[in-house]
Every structure is written in C-alpha cells, then in structure tokens.
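J.: Pasting a structure below so you can have a look.
Numbering (our numbering), first residue to last: 175 to 772.
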C-alpha cells in the first residue's frame, strides 16, 4: 500500500495548532539553535525515511509476523534491517535527552515524525515508542547511577525498553498486581511473577531489553499504594557497562492477534530475576504514569496515522477504479457523491485530529520548559485534559475512518490482497491498549472536568468563542455553528459537574453513575467540539495567508484547501455534537435499567 507523508499539512499544523513559535522560544530549543526551517528540514528527512525505508515493510511484517522458537522471538529480516537503519540514521534518539546522547528535539517535532513512523509501519513503530517512554521514566525517577547505566544505550536504540503492568488477574485494574519483589540483601531485588500483553517484550533486534516492571515488596500495602517500579534488564550489566549474564526473565508465549502481527505481544515470566528499585517504594504506579501519559499521546497518534494511510489509499483507489456511468460515460468511483462523502469525512476528521494531537504535544514541551510556574502548571493541566481525548477520540475515529476507507474499496477492500484490510485490523487495537477508551472517558469525566466547577474545559471552550467574532465577518454560517456547538459543550460541562455533586460515589464510579454513563458521549462531544475550534483557527490562518497578513508559505491552493476542509468538518462532523449532547443529558434512562436486563 502506498504512503506519502503529508508534509504540508504537518508543517501547517505545527505552526497553527502546535504553537511552534512558542516551543522554539523555550530554553531547550534555544540551546539547540532550533528554528522553523530546521524543523521543516527534519520533517522532510523523516518523510523520506518513512516512505522509502519503512512503508514497504508494513505488509511484510503482516504476512511474516513475529514467531517464537526455542525461547527466542524471530522478526522478519526486512523489519530488522529497517530498525537498524532507523537507529543508524539517528531517529531513535530524536526526542531523547541530549545529556544521554539523544538529540533532545521537542516532543512537538517528534510527534509529527511519529505520525509518519506509525503510518509507515505501526508494528515496528511500537519498539522505539516504548523505549522512549522507558527513557522518560528512568530519567525523571531513576537514580543517577541508573540513568548512566541504561540511558545512553537506550537513547541510541541499541537497547530497548518495555512496560510490564498487566497480569492474568490484573488487567486494567492494577490493584491486583501480584508480582513479588524480594530483597536479595545486596541492594537488588528478586522479581517473581508473570506479565501479559508485553509489547516487544522479547526480540533480537536490540542487544538488551530494559523491562520496567510493577511489583510488590513483601511488606507492601494492599492496592495501588503497595506497587513499586523496578528495572529488570534482559542481560545484567557489568561494572564496565558491558553485558553480563542472562537474567531470569523469559518469554513463555506470544499472542495470536487480529493485527499488528509483526509486533510480538509477549507473556513474560520472571523467576527470581534481578531487579532494581526505581525511586521510592510504593510510588511505582505514579512513576509508570510518566511513561503512560506519553504513551497515550502516542496511541492517539497511532490511530490517526493508520487512518491517514487508509485514507490516502482509498482516495487513490477511488480515482482509479472505474465503475458505473454518468451521462453514458464510464467514470471512476470518485465521481459518485457517496464516495466523495466518505472521503470528505476522512479528510476533515484527520485534519481535526492532527490539530489536537499537535496541540497536546506542544503542551508537553511547555509544561516541561516554561520558566513561569503558573504558566507551566496551566500547560500541564490542559495537557492532562487533552490526553484522554487524544487517546480515545483519535483511536475510535481511527477505526471508523479505516472502515470507511475499506468501504470505498468495496469487495476488494475485504480481500486481504488489497492491503486496506490490514490497516483496519491493525488500528483496532488502539482503542484498547494503554487504557481502554472507556477508562479514558471516565478519567476525563472526573476531576479533569469537574474540578473547580469545570473551569478548565470552560477555558478551552472560551478560546473557541473568541474565534467566532473573526469568523463571523466572512463566514457567519460557520461562526453560528461553532457558537452553537460550544454552547452545547458548556451545557454538558455543567451537567457533568452537577452529576458529580448530586450523586454519591460508588465502587464502579467515583463520580456517580450518571457521570459514568455520560462519560463516553461527553468525551466524544468534547473531541468533536475542540476539533471544530482548531479547524476554525486553521480557516482563519489560511484566510490571513491568502490576503497577505501572514507569510504565504504553502501556496494559495493549499490554503483554499484548508478552508474547504474546515467547511466540510462543520457540515459533516460537527452536527454530531447535537446528538452527543443529548446523550449526556439522557443518561438517567441508562442508569434506571436493571443489570439483569442486559
């Protein structure tokens, strides 16, 4: 299947939605002498690499998935070569800290590149993504000795990282983690237990694998307060930094999955493996959330990126496939209005998603690098609010958009040979892992919304209202639609606050059953509305470029296309906000249904 990186769209979105100018003013970017031209050059090279080195391996990996034999996981040679080229070109350390050999580029720039990696080969992109997450956790919470021992090799991609949370009896609910960590008397611990669903938990592409493992000390308290985080390397490290003995951790099974066949999903057995405590005992889950927050952003990017590739191929197929006649002429199916409708929905939704994930990525940088403490905390709060939306809205859309792409292919899409079926199979995992989308909705509907009477979401919605005045001068219809959607969203925020205040907490819903039942619709409504706000921003930025108020970087046809995309979104996607708002207010009907009815 073809893939062409959407470079103009990415560069435009970085400027308009990703606050690139603000990110480039941060001390870290200033130290690198980073400017917009350099960022564009990085993206250009990343696009070439994704298209030429990785994209063709996507199908190879699907047809020749990871296999387990004699305790080793075997990966097709094409993927092994592609990963080696990735590391040799320096991409593995793109946003890794410079003090440990990485390039230290902003998360914003890395996120744009990660869209290209995920679209080119989702399965393979998971390996460096998880490694960088482990780097973040060790850098922020590990000791100086641990950082020195592990991070240089991990930042280079020579060693990889994993996150080991789930167990047979502890999936999303980590209160039941049973893996044990026993002090060995020499400052280390013996880790014993089994972890499941470990992405790239075993492989031969890197010299070593650094597992981050949640486990309990012998005297640990029950629940999440008793969970600690441990580094458990596949190979122990000698005093001189060389690899030592093989640790007592091994893969005992691979899952046979619907998609992402090239990515080994492992069951890992720890039999008294040597592990090293990260930070303080009992803080393991909090430390792991450092890794999980970034991973949830990445998973949102994954859902978006696979849908982008599906859209590109559906568009190309629609332009080539001759079927049906208009006025006696045989025509390509792109001439049929319903096919164009499906393409419009894909293109417009993808633009909104790209805007939101890049805004979130910029907030990572601002929350980490702003000097002003108040501004830094505000960026962090906005980021925490956007993360569940990016993770859930983008991945739910990813599945539906990939399904629309398959629909455009018709029967050919349902046949594996076309390749689009693989994209639908691959993207289906994204609403599930790194916290199911139901968990994301519950997270958003809780304190992130109800804290301080809904002040945070109301602030984000107020930004949209500020745009409507400028929009109304040339596009009153769009301005009216946006004001209406924002008013509905404000009402839904009020409902969520009211639900949380009026209903008692339950074991299944700490903010009351009504809030829990409304959470999914509320998240979808916020994603739809915030996406509209960002596309209004894009419309106005394009208008400024067309009349000379801003530099015309991409050419008039591109800016006209951005305006058409915004108009399409307002016509075909934003009206969904009405139905979602109605669901938020109608939850009592669900709450009143007895469980036995189901």
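Note that beta-carbon positions come from the ideal geometry of N, C-alpha and C, so glycine has one too.
As the structure is a computational prediction, the values presented were derived from the model and not from experiment.
Here's the rule I'm using: 16 or more other beta-carbon atoms within 10 Å means buried, otherwise exposed. How should residue 559 be labelled?
T.: If you number the chain shown from 1, residue 559 lands on position 385. With 16 or more other Cβ atoms within 10 Å, it is buried.
J.: How many whole angstroms separate the CB atoms of residue 464 and residue 323, which I take to be in contact at a CB cut-off of 8 Å?
T.: Counted from its first residue, the chain shown places residue 464 at position 290. Counted from its first residue, the chain shown places residue 323 at position 149. Wrong, their Cβ atoms sit about 19 Å apart, outside the cutoff.
J.: On the three-state DSSP scale, how would you describe residue 635?
T.: By one-based count along the chain shown, residue 635 stands at place 461. Residue 635 falls in the helix class under three-state DSSP.
J.: Could you check what DSSP says for residue 333 in three-state terms: helix, strand or coil?
T.: One-based indexing of the chain shown puts residue 333 at position 159. If DSSP states are grouped into helix, strand and coil, residue 333 belongs with the strands.
J.: What do you get for residue 594, buried or exposed, if any count of 16 or more other CB atoms within 10 angstroms of its CB means buried?
T.: Residue 594 sits at position 420 when you count from the first residue of the chain shown. Label assigned to residue 594: buried.
J.: Helix, strand or coil for residue 189, going by three-state DSSP, please let me know.
T.: On the chain shown, position 15 is the one that residue 189 refers to. Residue state, collapsed to three classes: helix.
J.: Since I believe residue 450 is in contact with residue 362 (beta carbons under 8 Å), could you give me their beta-carbon distance rounded to a whole number of angstroms?
T.: Taking the first residue of the chain shown as position 1, residue 362 is located at position 188. Taking the first residue of the chain shown as position 1, residue 450 is located at position 276. Going by Cβ atoms, the distance from residue 362 to residue 450 rounds to 6 Å, so yes, they are a contact pair.
J.: Roughly how far, in whole angstroms, is the beta-carbon of residue 276 from the beta-carbon of residue 270, given that I think they are within contact range, below 8 Å?
T.: Taking the chain shown and counting its residues from 1, the one referred to as residue 276 is at position 102. Taking the chain shown and counting its residues from 1, the one referred to as residue 270 is at position 96. Yes, residue 276 and residue 270 are in contact; Cβ-Cβ is about 3 Å, under 8 Å.
J.: Can you give the beta carbon distance from residue 334 to residue 609, rounded, assuming they're within the 8 Å contact cut?
T.: Here residue 334 is taken as the residue at index 160 of the chain shown, counted from 1. Here residue 609 is taken as the residue at index 435 of the chain shown, counted from 1. At roughly 22 Å, the Cβ-Cβ gap does not stay under 8 Å, so residue 334 and residue 609 are not in contact.
J.: Please confirm if the stretch 417-436 is in contact with the stretch 596-609, defined as three or more CB-CB distances below 8 Å between the two stretches.
T.: Yes: the two stretches touch, three or more of their Cβ pairs being nearer than 8 Å.
J.: Are the stretch 548-565 and the stretch 514-526 touching, with three or more C-beta to C-beta distances below 8 Å?
T.: The stretch 548-565 vs the stretch 514-526: no contact.
J.: Where do the ends of the beta strand (DSSP E) carrying residue 419 lie?
T.: Along the chain shown, read from residue 1 onward, the residue named residue 419 stands at position 245. Where residue 419 is concerned, the enclosing beta strand (DSSP E) stretches over 417-420.
J.: What residue does the alpha helix (DSSP H) around residue 197 start on, and which one ends it?
T.: Against the chain shown, residue 197 aligns to sequence position 23. Residues 194-198.
J.: Counting only runs of 4+ residues fully inside the stretch 673-735, write out the alpha helix (DSSP H) ranges in chain order.
T.: Counting only runs of 4 or more, we get 687-720.
J.: Would you be able to state if there are at least three C-beta pairs under 8 Å between the stretch 652-672 and the stretch 581-594?
T.: The stretch 581-594 is not in contact with the stretch 652-672.
J.: Considering residue 450, what are the terminal residues of the beta strand (DSSP E) in which it resides?
T.: Mapped onto the chain shown, residue 450 falls at position 276. Looking at the DSSP string, the run of the beta strand (DSSP E) that includes residue 450 is 439-451.
J.: Taking residue 248 as part of the beta strand (DSSP E), name the residues at either end of that continuous run.
T.: Taking the first residue of the chain shown as position 1, residue 248 is located at position 74. Counting along the chain, the beta strand (DSSP E) containing residue 248 begins and ends at 246-248.
J.: So is residue 236 buried or exposed if we call it buried at 16+ other beta carbons inside 10 Å?
T.: Mapped onto the chain shown, residue 236 falls at position 62. When all chains shown are included, residue 236 counts as buried.
J.: If you count every other CB in all the chains shown that lies within 10 Å of the CB of residue 500, and 16 or more means buried, which is it?
T.: Taking the first residue of the chain shown as 1, we reach residue 500 at position 326. Classification of residue 500: exposed, given that the 10 Å Cβ count is below 16.
J.: Of all the alpha helix (DSSP H) runs that stay within the bounds of the stretch 537-618, which reach a length of 4 or more residues?
T.: Complete alpha helix (DSSP H) runs here, min 4: 547-583, 585-588, 594-601.
J.: What number of angstroms, rounded off, separates the C-alpha of residue 301 from the C-alpha of residue 383?
T.: Residue numbering aside, residue 301 sits at position 127 when the chain shown is read from its first letter. Residue numbering aside, residue 383 sits at position 209 when the chain shown is read from its first letter. Distance between the alpha carbons of residue 301 and residue 383: 11 Å.
J.: If residue 707 and residue 519 are in contact, beta carbons under 8 Å, what's the gap, nearest whole angstrom?
T.: Counted from its first residue, the chain shown places residue 707 at position 533. Counted from its first residue, the chain shown places residue 519 at position 345. That pair is no contact at about 19 Å.
J.: Compare the C-alpha of residue 186 against each of 737, 469, 607 and name the closest.
T.: Taking the first residue of the chain shown as 1, we reach residue 186 at position 12. Out of 737, 469, 607, 737 has the C-alpha closest to the C-alpha of residue 186.
J.: Put residue 350 into one of helix, strand or coil per three-state DSSP.
T.: Here residue 350 corresponds to residue number 176 of the chain shown, with the count starting at 1. It is helical.
J.: Just mark residue 467 as buried or exposed, buried being the case when its beta carbon has 16 or more other beta carbons within 10 Å.
T.: Counted from its first residue, the chain shown places residue 467 at position 293. By the 10 Å Cβ count, residue 467 comes out buried.
J.: Count the other CB atoms within 10 Å of the CB of residue 379; is the residue buried (16 or more) or exposed (fewer)?
T.: The count along the chain shown starts at 1 and reaches residue 379 at position 205. Buried, since its Cβ has 16 or more Cβ neighbours within 10 Å.
J.: Please classify residue 284: does DSSP put it in a helix, a strand, or coil?
T.: Working through the chain shown from its first residue, we reach residue 284 at position 110. Note: residue 284 maps to helix in three-state DSSP.
J.: Tell me whether residue 250 is buried or exposed, calling it buried when 16 or more other Cβ atoms sit within 10 Å of its Cβ.
T.: Here the question's residue 250 lines up with position 76 in the chain shown. Flag for residue 250 reads buried.
J.: If you pair each beta-carbon of the stretch 440-460 with each one of the stretch 614-622, do three or more pairs fall below 8 Å?
T.: Not touching, per the Cβ criterion.
J.: Can you say whether residue 176 is buried or exposed, counting buried as having 16 or more other CB atoms within 10 angstroms of its CB?
T.: Within the chain shown, residue 176 is the residue found at index 2, counting from 1. Looking at its Cβ environment, which holds fewer than 16 other Cβ atoms inside 10 Å, residue 176 is exposed.
J.: Helix or strand or just coil, what does DSSP make of residue 761?
T.: One-based indexing of the chain shown puts residue 761 at position 587. It is coil, neither helix nor strand.
J.: Taking only three categories from DSSP, how would you classify residue 503?
T.: The residue labelled residue 503 in the question sits at position 329 within the chain shown. Three-state result, residue 503: strand.
J.: Based on DSSP bridge pairs, tell me the residues matched to residue 424.
T.: Mapped onto the chain shown, residue 424 falls at position 250. DSSP, once it has assigned bridges, lists 443 as partnering residue 424.
J.: Residue 367 and residue 329 look like a contact to me (Cβ under 8 Å); what is the Cβ gap, rounded to whole Å?
T.: As a working note, residue 367 is residue 193 in the chain shown. As a working note, residue 329 is residue 155 in the chain shown. Not quite, the Cβ-Cβ distance comes to about 29 Å (not below 8 Å), so this is no contact.
J.: Could you tell me which whole beta strand (DSSP E) segments of length 3 or greater appear in the stretch 450-516?
T.: Those beta strand (DSSP E) runs which fall completely within the stretch 450-516 and span 3+ residues are 496-500, 503-506.
J.: Along the alpha helix (DSSP H) that carries residue 257, what are the first and last residues, could you check?
T.: The residue you call residue 257 lines up with position 83 of the chain shown. It spans 251-262 - the alpha helix (DSSP H) in which residue 257 sits, taken as one unbroken run.
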